[in-house]
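Sequential numbering of the sequence shown, starting at 535, is according to the working numbering.
These notes concern the structure reproduced below.
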Amino acid sequence: MNNFKKYFGLTIFFLLLFFLVIGFIKRGEFEKEHKIAVGFVKEISRPGSKSSGDYSILYEFYIDNRAVVNNSNYFLCNDLTYATVREILVNKSFPVAYSDGLLFRQNSLIITLKDAERFNYNFPDSLLIYDSLLSCKK
């Protein structure tokens, strides 16, 4: 019975390590091999209890006529309020980087310069105001 616990624990450890390594590999692939779609901010809400941030941006985009919904969490800064963030972002469109692999489907809203740099995306001047507000720049 003691050997069973030992081998079970080692098996769980190596499985977790395996999935962690696969996750890092897939993240790197996602940043290099992705497509861009147009996403629309549907709602601003509070983040989940296990999520970081002051608010969550719920966005939607389409791949092959199929709606994909996700969210990104951010912190309030520069005297922004929850209501102000809602007012300036809801119903606005932003680029979304996505990969539509069979096993690993990922997507990320490109709303700040940091996001654009991550995906080597040419950030348009029209989005600079959002970057300055959401990145805590004055």
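Idealized CB from N, CA, C, for every residue including glycine.
As the structure is a prediction and not an experimental result, all values here were calculated from the model.
Quick check: the Cα distance between S633 and V602, rounded to an integer number of angstroms? Counted from its first residue, the sequence shown places residue 633 at position 99. Counted from its first residue, the sequence shown places residue 602 at position 68. Approximately 12 Å, taken between the alpha carbons.
Paired residues, beta bridge with Y593 - DSSP: For the purposes of this step, residue 593 is identified with residue 59 of the sequence shown, where counting begins at 1. Answer is V575, N604.
Consult DSSP for K626 and reduce its assignment to one of helix, strand or coil. Here residue 626 is taken as the residue at index 92 of the sequence shown, counted from 1. Collapsing the DSSP output to three states places K626 in coil.
From the DSSP output, in three-state form, read off S633 for me. The residue labelled residue 633 in the question sits at position 99 within the sequence shown. Strand at S633.
From which residue to which residue does the beta strand (DSSP E) around L643 run? Residue numbering aside, residue 643 sits at position 109 when the sequence shown is read from its first letter. Note, L643: beta strand (DSSP E), 639–643.
Run of the alpha helix (DSSP H) containing E651, from where it starts to where it stops: Along the sequence shown, read from residue 1 onward, the residue named residue 651 stands at position 117. For E651, the enclosing alpha helix (DSSP H) covers residues 647–652.
Using the rule of at least 16 other Cβ atoms within 10 Å of the residue's Cβ for burial, across every protein chain shown, is I578 buried or exposed? For this step, residue 578 is matched to residue 44 along the sequence shown. Burial call: buried.
Can you give me the C-alpha to C-alpha distance between P658 and T646, rounded to a whole angstrom? What you label residue 658 is simply residue 124 of the sequence shown in a count that begins at 1. What you label residue 646 is simply residue 112 of the sequence shown in a count that begins at 1. Whole-angstrom Cα-Cα distance: 10 Å.
What do you reckon, are the CB atoms on G573 and V630 nearer than 8 Å? Here residue 573 corresponds to residue number 39 of the sequence shown, with the count starting at 1. Here residue 630 corresponds to residue number 96 of the sequence shown, with the count starting at 1. Yes; because the gap between Cβ atoms is below 8 Å, this pair is in contact.
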